[in-house]
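Here the structure is laid out as structure tokens; the discussion comes afterwards.
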Amino acid sequence: MAQPGRNPPPRDARALQPARTGRATSCPHADSGCCRGGVLPRGRERRARSADPAERGSSRGRLRGDPRDQPLRDLLRGIRAGQPGRAHVAGASPVTSYASHVEVPTSLGSLSVQDGGPADGAVALLWPSLFSDGATSWGSQLAVLHDLGWRTLLVDPPGAGQSPPASRPFTMEDCARAAVDVLDIAAVDRAALLGLSWGGFVALRVALAEPDRVMGLVLSNSSARRAPAMLQLRDRLAAHLLRTGLLRSPGKLIASGMLSMQSRRVCPELVADVANTVNTMDAKGLAIAMRSVLVDRTDIVDALPKITAPALVIAGAEDAALPIDHSTQLAAGIHGARLETLAGVAHLAPLEAPEPVSALLRDFLATLDR
1 MAQPGRNPPP RDARALQPAR TGRATSCPHA DSGCCRGGVL PRGRERRARS ADPAERGSSR
61 GRLRGDPRDQ PLRDLLRGIR AGQPGRAHVA GASPVTSYAS HVEVPTSLGS LSVQDGGPAD
121 GAVALLWPSL FSDGATSWGS QLAVLHDLGW RTLLVDPPGA GQSPPASRPF TMEDCARAAV
181 DVLDIAAVDR AALLGLSWGG FVALRVALAE PDRVMGLVLS NSSARRAPAM LQLRDRLAAH
241 LLRTGLLRSP GKLIASGMLS MQSRRVCPEL VADVANTVNT MDAKGLAIAM RSVLVDRTDI
301 VDALPKITAP ALVIAGAEDA ALPIDHSTQL AAGIHGARLE TLAGVAHLAP LEAPEPVSAL
361 LRDFLATLDR
């Protein structure tokens, strides 16, 4: 992972097919409410259709040409210069697409960002939870946001998705600066910030440090507090066991703690997907992220009244990782914030309840000054 101040060259951009909506064909419980509407997260939808070689060939393609021949900002602009739903680099044939992955140099290191939706739309930057990546956390909301006219910048934080793992400890303020770096490189003045858990920690700090850059906040399953001492001790031990190799394949254990009993019972495939995401992460990088996000996170409760952006706070009634009182405190501390609690949902509301969360986003984003 690059050290702060060093800009690694971007990797080739990739054109991706838009996520589809509809009933989940791979889950036998779709009609009973699995995934709260059957919208497959992006990673699961890709796996569900990967068996058809013809479809694979038509839905993906590497953009020809070397992106390193031009500055990254020009690369992003070039990708978005075609008709909506098209992606191209100068000198390359357009590829039917909804989004492109670009590696963005930030003060936190190189981060993979999926840039999608209408080129001229208002911008939403989305940051996922720990133990997850952008597509797993927010994949079910992308098509809805795009249909509403929003351009999305979906971030894979260190060690998640296509981003390299962390090589050093970092702070939530470092993450906030990295989020602003993404906006700067994408030439975006203002954005709505959508954060799930870790993403909420980041969004809050961007709103405090750069209030003029924040159009609105969506804080799902998040908190402004530092973790209690006993939880810090637990997470410090877990990170140590991961780093030393004494804890292997912790995905199922972590997934069970992040998903509600109802989600685990009705759609066990969710458990498998979250567990697989965790188990494919670099163990040492994940240990660093755990220490940084769970143990060393600072308390910013007293600063909440300084936040001026409109805010939607989403809580899971069964969230054991960050119980509902964390969300209640957020909503009480941010002037005018709206609190919504989802029954039968734990720590991954956008994944566990995609349709209710999408409906909340639709209503809230319509109120923002775009």
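For the sequence shown, full-length UniProt numbering assigns the number 370 to the last residue and increments by one with no breaks. Note that CB positions come from ideal geometry on N, CA and C, so glycine has one too.
Pair within 9 Å by beta-carbon distance, residue i and residue j
i: VAL155; j: LEU111; result: yes
i: SER140; j: LEU351; result: yes
i: LEU219; j: VAL206; result: no
i: GLY149; j: GLY195; result: no
i: PRO323; j: LEU342; result: no
i: VAL113; j: VAL188; result: no
i: ALA346; j: ALA320; result: yes
i: PRO128; j: HIS146; result: no
i: LEU153; j: ALA186; result: yes
Where the beta strand (DSSP E) through residue i begins and ends
i: ASP181; result: Careful: ASP181 lies outside any beta strand (DSSP E), inside the alpha helix (DSSP H) at 172 to 185.
i: THR341; result: 338 to 342
i: ASP115; result: 109 to 116
i: GLY257; result: Run containing GLY257: none in the beta strand (DSSP E); it sits in the alpha helix (DSSP H), 251 to 258.
i: VAL123; result: 122 to 127
i: ALA191; result: 191 to 196
i: ALA315; result: 311 to 316
i: LEU217; result: 214 to 220
Cut-off 6 Å between Cβ atoms - residues of its own chain near residue i, not counting five sequence neighbours on either side
i: LEU231; result: none
i: ARG177; result: SER107
i: LYS252; result: ALA275
i: ASP69; result: Per-residue confidence for ASP69 stands at a pLDDT of 32, beneath the threshold of 50, marking its modelled position as unreliable; no derived number is given.
i: PHE174; result: Reading off the sequence, residue 174 comes out as Asp, not Phe. For ASP174, where only same-chain residues beyond five positions count, the Cβ hits under 6 Å are LEU108.
i: SER197; result: SER129, ASN221, SER222
Distance between beta carbons of residue j and residue i, contact taken as under 8 Å
i: MET172; j: PHE201; result: 5 Å
i: GLY199; j: LEU126; result: 7 Å
i: ILE300; j: ALA224; result: 5 Å
i: GLY161; j: ASP133; result: 3 Å
i: MET258; j: GLU318; result: Not quite, the Cβ-Cβ distance comes to about 11 Å (not below 8 Å), so this is no contact.
i: LEU208; j: ALA303; result: 6 Å
i: LEU264; j: SER256; result: Before going on, a small fix: residue 264 reads as Arg here, not Leu. With a Cβ gap of about 7 Å, ARG264 and SER256 count as contacting.
Nonlocal neighbours in the same chain, by C-beta distance under 8 Å from residue i, ignoring five residues either side
i: GLU340; result: LEU312, VAL313, ILE314, ALA315, LEU360
i: PHE364; result: GLY216, VAL218, PRO310, LEU312, ARG338
i: ASP235; result: ALA227, MET290, ARG291, LEU294, VAL295
Beta-carbon contacts of residue i that lie in its chain and below 7 Å, excluding the five residues immediately before and after
i: GLY159; result: PRO165, ALA166, MET281, ASP282, GLY285, LEU286, ALA289
i: PRO53; result: Residue confidence for PRO53 is low, a pLDDT of 32 falling below 50, so the modelled location carries little weight; the figure read from the coordinates is stated next. No residues qualify anywhere along the chain.
i: PHE170; result: LEU108, SER292
i: PRO28; result: Residue placement at PRO28 cannot be trusted, given a pLDDT of 34 that sits under 50; what the coordinates show is reported in the next sentence. The answer is none, since no qualifying residue turns up.
i: LEU183; result: LEU125, ALA191, ARG213
i: ILE334; result: LEU304, ILE307, ALA311
i: GLY336; result: PRO310
Residue span of the alpha helix (DSSP H) that contains residue i, given as start and end
i: MET281; result: Premise fails: MET281 is in no alpha helix (DSSP H) and is neither H nor E.
i: ASP296; result: Segment: none, ASP296 is in no alpha helix (DSSP H) and carries neither H nor E.
i: GLY149; result: Taken as a continuous stretch (DSSP letters only), GLY149 belongs to no alpha helix (DSSP H), as it is neither H nor E.
i: residue 374; result: The structure shown has nothing for residue 374, since the chain only spans 1 to 370.
i: HIS326; result: 324 to 333
i: ALA238; result: 229 to 244
i: residue 385; result: Lying before the first or after the last residue shown, residue 385 is absent from the chain, which here runs from 1 to 370.
i: VAL188; result: Where VAL188 is concerned, there is no enclosing alpha helix (DSSP H), given that its DSSP letter is neither H nor E.
Is it true that the stretch 242 to 251 meets the stretch 269 to 282, where meeting means three or more beta-carbon pairs spaced less than 8 Å apart?
Because the criterion of three Cβ pairs below 8 Å is met, the stretch 242 to 251 and the stretch 269 to 282 touch.
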